[in-house]
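Line order of the protein sequences matches chains Z and W.
Sequential numbering of the first sequence, starting at 84, is according to the working numbering.
Sequential numbering of the second sequence, starting at 84, is according to the working numbering.
Yeah, the Cβ is synthetic: ideal placement off N, Cα and C, and Gly gets one too.
2 protein chains.
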Amino acid sequence: MKIIEDPKAIEAKSMQIIEEVANLDYAEREKKVVKRVIHATADFDFKDLIIIADEAIESGLKALKSGSNIVTDVNMLRAGINKRKLGALGGELECFISNEDVAKEAKELGITRSMMSMRKASKNPKNKIFSIGNAPTALFELMKLIEAGKVEPELIIGTPVGFVGAKESKAELEKLDIPFITVKGRKGGSSVAASITNALLYMT
Amino acid sequence: MKIIEDPKAIEAKSMQIIEEVANLDYAEREKKVVKRVIHATADFDFKDLIIIADEAIESGLKALKSGSNIVTDVNMLRAGINKRKLGALGGELECFISNEDVAKEAKELGITRSMMSMRKASKNPKNKIFSIGNAPTALFELMKLIEAGKVEPELIIGTPVGFVGAKESKAELEKLDIPFITVKGRKGGSSVAASITNALLYMT
Chain Z
84 MKIIEDPKAI EAKSMQIIEE VANLDYAERE KKVVKRVIHA TADFDFKDLI
134 IIADEAIESG LKALKSGSNI VTDVNMLRAG INKRKLGALG GELECFISNE
184 DVAKEAKELG ITRSMMSMRK ASKNPKNKIF SIGNAPTALF ELMKLIEAGK
234 VEPELIIGTP VGFVGAKESK AELEKLDIPF ITVKGRKGGS SVAASITNAL
284 LYMT
Chain W
84 MKIIEDPKAI EAKSMQIIEE VANLDYAERE KKVVKRVIHA TADFDFKDLI
134 IIADEAIESG LKALKSGSNI VTDVNMLRAG INKRKLGALG GELECFISNE
184 DVAKEAKELG ITRSMMSMRK ASKNPKNKIF SIGNAPTALF ELMKLIEAGK
234 VEPELIIGTP VGFVGAKESK AELEKLDIPF ITVKGRKGGS SVAASITNAL
284 LYMT
């Protein structure tokens, strides 16, 4: 068997296969997002699950190009986002879940670290893109902060995964008047959020 | 709506739902692995895709308890593994993909960084567990190193994802006389490899 070893050739071939197998009924830029998620998961279900709000890609690209930071809920997602590409645009990757001050304040207030890290993130006006792949509590807290007028993201990539609160948090996100990209139902996770975020970075 | 906020309560409730929904025909320890993957992906397909070699869990637990390191192919997977738990057992998480020397030597030899990072990992006898969630080339290279007698892992968690080489690399892994955990077909990825690895760590 001939093994293709060049990472770029592997990716190009993969995207071609996805294009051929899936009948992707999306506009060009939206299709890039969906293809990258399928590329990262090999799960074609996502072609019917991903929801991209009308303004989402436009707003996300504008924010990226003006040097906005991206905030993630967990370190695994942060590690999966192309930091070099973001850095070249002037933005930084922020994730506060492991910060000692976040742990301390969360304990004092009796809330989760996920929630506390969103409160901390809301204080820096450069934090305009939120990528939340895991914790429904982080997404719920972000939406509360938005309602309270404490933060106004230019894009929320919200794909918490799982069986408790994930689906509900994403259904709430869909009602919001903030540009969002999400996934219906229980599926999602770090790999999904990372691939959506990277798809946008590669479009800048 | 009442939001459950306690992460431990969310996890317990999730595992209960998975148990109820899926009819998991696995032995007790194997079931813990499968449940954690479904927990991380909300994808019940995995119950029919995960393959756990007879000795795999026993061998992996023995290696972990004796302070072995875990090597990952990519940083995202490293970030998803419970480092504190591994550290308490005396092991370290190793990932060489971003090392400058690896990039330099890979270029000189005309191979991928994934392949070079496996060669580097093979040189430390503490590296007994390999968790490869993304790069088929890393898994192929590891198997070559095993054949050449240069490394003898006590467990390989091999779940490369995708459309080019992933399925083939995992089919090769199944033929190996080394304890392994893998996933049939195209599915896999960092979240899958991380949840399998963590399931083992939580069993120690």
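Minimum C-alpha distance to residue i - residue among the options
| i | options | result |
| --- | --- | --- |
| alanine 136 of chain Z | Z:Ala277, Z:Lys267, Z:Val275, Z:Ser278 | Z:Lys267 |
| serine 274 of chain Z | Z:Ala92, Z:Ile240, Z:Val234, Z:Glu251 | Z:Ile240 |
| serine 181 of chain Z | W:Lys270, W:Ile264, W:Arg167, W:Met199 | W:Arg167 |
| threonine 242 of chain W | W:Lys233, W:Asn106, W:Phe223 | W:Phe223 |
| threonine 220 of chain W | W:Pro208, W:Met199, W:Lys91 | W:Met199 |
| isoleucine 264 of chain W | W:Leu228, W:Ser142, W:Leu107, W:Ile101 | W:Ser142 |
| lysine 91 of chain W | Z:Thr195, Z:Leu284, Z:Gly150, Z:Leu176 | Z:Thr195 |
| lysine 253 of chain W | W:Val104, W:Pro236, W:Gly271 | W:Gly271 |
| lysine 233 of chain W | W:Glu255, W:Leu259, W:Met201, W:Val244 | W:Met201 |
| glycine 245 of chain W | Z:Ala110, Z:Thr124, Z:Glu102 | Z:Thr124 |
| glutamate 177 of chain W | W:Lys187, W:Asn165, W:Glu188 | W:Asn165 |
| alanine 277 of chain W | W:Arg269, W:Asp89, W:Ile121 | W:Ile121 |
| alanine 158 of chain Z | Z:Asn217, Z:Leu172, Z:Gly193 | Inspection of the sequence shows that residue 158 of chain Z is occupied by asparagine rather than by alanine. Of Z:Asn217, Z:Leu172, Z:Gly193, the residue nearest in Cα terms is Z:Asn217. |
| glutamate 235 of chain W | W:Ile93, W:Ile261, W:Leu172, W:Arg119 | W:Ile261 |
| lysine 130 of chain Z | Z:Ile229, Z:Gly173, Z:Glu102, Z:Gly193 | Z:Glu102 |
| glutamate 188 of chain W | W:Lys203, W:Asp89, W:Lys148 | W:Lys203 |
| leucine 284 of chain Z | Z:Val185, Z:Leu192, Z:Leu172 | Z:Leu172 |
| methionine 286 of chain W | W:Ser197, W:Gln99, W:Lys114, W:Arg269 | W:Lys114 |
Under the three-state DSSP convention, the category residue i falls into
| i | result |
| --- | --- |
| isoleucine 164 of chain Z | coil |
| isoleucine 264 of chain Z | strand |
| lysine 211 of chain Z | strand |
| leucine 259 of chain Z | coil |
Nearest-angstrom Cα separation, counted from residue j out to residue i
| i | j | result |
| --- | --- | --- |
| alanine 282 of chain Z | serine 205 of chain W | 34 Å |
| lysine 145 of chain Z | alanine 249 of chain W | 35 Å |
| proline 208 of chain Z | phenylalanine 179 of chain Z | 15 Å |
| tyrosine 109 of chain Z | lysine 211 of chain W | 45 Å |
| leucine 238 of chain W | isoleucine 133 of chain Z | 36 Å |
| leucine 256 of chain W | valine 116 of chain Z | 31 Å |
| lysine 258 of chain W | alanine 139 of chain Z | 46 Å |
| alanine 162 of chain W | alanine 162 of chain Z | 7 Å |
| serine 214 of chain W | valine 154 of chain Z | 27 Å |
| glycine 170 of chain W | leucine 228 of chain W | 27 Å |
| glutamate 230 of chain Z | arginine 119 of chain Z | 31 Å |
| lysine 190 of chain W | phenylalanine 127 of chain W | 41 Å |
| alanine 95 of chain Z | threonine 280 of chain W | 30 Å |
| isoleucine 87 of chain Z | valine 247 of chain W | 8 Å |
| valine 104 of chain W | glycine 174 of chain W | 35 Å |
| leucine 192 of chain W | aspartate 184 of chain W | 12 Å |
| glutamate 111 of chain W | aspartate 156 of chain Z | 32 Å |
| serine 97 of chain Z | glutamate 251 of chain W | 14 Å |
| lysine 106 of chain Z | lysine 148 of chain W | The question names lysine, but residue 106 of chain Z in the sequence shown is asparagine. Near 48 Å, if we compare the C-alpha coordinates of lysine 148 of chain W and asparagine 106 of chain Z. |
| valine 186 of chain Z | isoleucine 100 of chain Z | As written in the sequence, residue 186 of chain Z is alanine, which differs from the valine given in the question. Answer to the nearest angstrom: the Cα atoms are 45 Å apart. |
| glycine 150 of chain W | methionine 226 of chain Z | 43 Å |
| alanine 269 of chain W | isoleucine 93 of chain W | Per the sequence shown, residue 269 of chain W should be read as arginine rather than alanine. Approximately 29 Å between the Cα atoms of the pair. |
| aspartate 89 of chain W | aspartate 89 of chain Z | 44 Å |
| leucine 160 of chain W | serine 197 of chain W | 13 Å |
| asparagine 71 of chain Z | asparagine 152 of chain W | Outside the shown range of chain Z, which is 84 to 287, sits residue 71 of chain Z, and nothing can be said about it. |
Taking the runs of the beta strand (DSSP E) that are 3 residues or longer, which of them lie wholly in the region 84-159 of chain W?
133-135, 152-155
If we require 4 or more residues per run, which alpha helix (DSSP H) segments fall completely within the region 171-206 of chain Z?
183-192, 196-204
Which residues, in order along the region 223-257 of chain Z, keep a beta-carbon less than 8 Å from a beta-carbon of chain W?
Phe223, Val244, Gly245, Phe246, Val247, Gly248, Ala249, Glu251
Going along the chain, which residues of the region 263-276 of chain Z sit with their C-beta nearer than 9 Å to a C-beta in chain W?
Gly268, Arg269, Lys270, Gly271, Gly272, Ser273, Ser274, Val275
Anything in the region 98-117 of chain Z with a Cβ closer than 9 Å to a Cβ of chain W? List those residues in chain order, please.
Met98, Gln99, Ile100, Ile101, Val104
For the region 176-200 of chain W, which residues have a CB atom closer than 9 Å to at least one CB atom of chain Z, in sequence order?
Ile194, Thr195, Arg196, Ser197, Met198
Name, going along the chain, the residues of the region 118-132 of chain W whose beta-carbon falls closer than 7 Å to a beta-carbon of chain Z.
His122, Ala123, Thr124, Ala125, Asp126
Using Cβ-Cβ distances below 9 Å, what residues of the region 132-162 of chain W are close to chain Z?
Val157, Asn158, Met159, Leu160, Arg161, Ala162
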